[in-house]
Structures are given as structure tokens and as C-alpha cells.
Amino acid sequence: MGATRKQEISAETQRRLVAAAWELAAEGGSAAASVQAVAARSGISRGSVAWHFGSKDGLLKAVIEEAFRWGTDFMRERLAAAGPDAGIEALIEANFALMSRSEAHIFSTLLIEAVSRESALRTTYAEEYAKIRGLYADHLRATGAHVTDPEAVAAALLGSTLGINIQHRLDPSLDRRRAVTAMTGIYTDALSGTRPDAPSST
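In my numbering, the protein residues as written are 8 to 209.
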């Protein structure tokens, strides 16, 4: 078997393991994504997890990285489709559309575990959220919004969307659409300079 074919098989094995762990962790957290469960879901031997990822923690790290890569690509595509004049509303709607997908459950399911200082996922989550804040800040700059500190606003915006999404996961009866619409109004008013403490444009 040639080297290229071996690489293809290895890549496919990793893809299947990550996909299986993603599904399991999204359903029940890291505890549900045991090596045995991942092997059963993927149809691949348990030893392959250690061979390709070193450990279960290594596999979950790969899952989070792949999930954020998918999420970022999804949002970039949405923003591109919205056009060059898309404002902060497009950014919030892109996040809403992303988090409405069942695959996105992985973000909030593992986030609760990642905030623990002992979590092997903590650093990975911090790095990936930094990239998301960068995406938000870049969009704010591109839209020409009235923002003097895009990074700070990006952090606030990410915190707002994150808070709504986590609340919805905890209580599915929460009207996420209503909450997102309210949040959009608050941010658009503030960034358009219509808030009470905004400096006059005259």
C-alpha cells in the first residue's frame, strides 16, 4: 500500500472518530464520549483513539477545534452572503443560524466543563473564542460601525450571544428568537449613536 493511500485511510479514520465523539459529546458531554462509546459509534477499534489522538482528551481537543472551524466557516459564509454593507444585525443573525443547528450543541455542552481550571479543554476553548472575537471585531471594523474599541465590543457581543444560547440549552422553553431580536435592537441602537449618552453628531 502506497504512502498516499495510507495517509488517506488515516485521515478518514480520524474524521470518523472525531465525528463520533462530536455526536456523543453534543448529546451528553465528555462523559458520554468514552473511548468505548466512540469506538462503537464509529465502528473503529478503541486502540485507534490512542494511536491517532494520544488520549480521550486529545480526541476531544480535536473535536472542539473542528467544531469551531466548522462554526467559523458557517458564519463567514453567512456574512459573505449578506453582502459588504451588512451591519451588526448580520453578525447576530449568523450566530443565531449557527446555534440553531443541532451540530452546534457541542459548544455549550462542553463549555461548562471547559471553564474548570482542571479541564484539558480550557486552553482550547480560550484560544478558539479568541478567534471568534477576532472575527466579530473584524466585521465591526468592516461595517464602519460607531465603535471606538472593536475588541471590547466583540467580547461583549460574544458574551451576549453565548449567554442566550446557554440559557436556551438549559431551558428550551426560552424564546431564543425573541431574546436575539431584543439584543439586536439594543446593539444597533447603541452602535448607531442613538443611545442617550452618545455624543452628538452635529
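Think of the CB as a built atom: it goes at the ideal place given N, C-alpha and C, for glycine as much as any other residue.
Note down the Cα distance separating residue i from residue j, rounded to an integer number of angstroms.
i: I71; j: I99; result: 22 Å
i: S167; j: M190; result: 8 Å
i: V122; j: E73; result: 19 Å
i: F75; j: E15; result: 23 Å
i: F81; j: S37; result: 24 Å
i: R124; j: L169; result: 20 Å
i: W29; j: N102; result: 20 Å
i: A18; j: R83; result: 25 Å
i: A69; j: T130; result: 13 Å
Is it the case that the Cβ atoms of residue i and residue j are separated by a distance below 8 Å?
i: R140; j: L165; result: yes
i: T11; j: H59; result: no
i: A27; j: R53; result: no
i: L66; j: L105; result: no
i: A163; j: I113; result: no
i: Y143; j: A161; result: yes
Throw me the rounded Cβ distance for the residue i and residue j pair, which I believe falls under 8 Å.
i: I173; j: S115; result: 5 Å
i: E135; j: S126; result: Not quite, the Cβ-Cβ distance comes to about 14 Å (not below 8 Å), so this is no contact.
i: H153; j: S199; result: 7 Å
i: I78; j: A111; result: Contrary to the premise, residue 78 reads as Gly rather than Ile in this sequence. That belief holds up - the Cβ atoms of G78 and A111 are roughly 7 Å apart, short of 8 Å.
Are at least three pairs of beta-carbons, each pair with one atom in the stretch 85–96 and one in the stretch 35–43, less than 8 Å apart? no
Quick check for students: name the residue ranges of the alpha helix (DSSP H) that lie wholly in the stretch 129–200, counting only runs of 4 or more.
Inside the stretch 129–200, DSSP marks whole alpha helix (DSSP H) runs of 4 or more residues at positions 129–150, 157–177 and 183–198, from first to last along the chain.
message = So within the stretch 59–114, which uninterrupted alpha helix (DSSP H) runs reach at least 4 residues, ignoring any that extend past its ends?
response = 63–89 and 95–106
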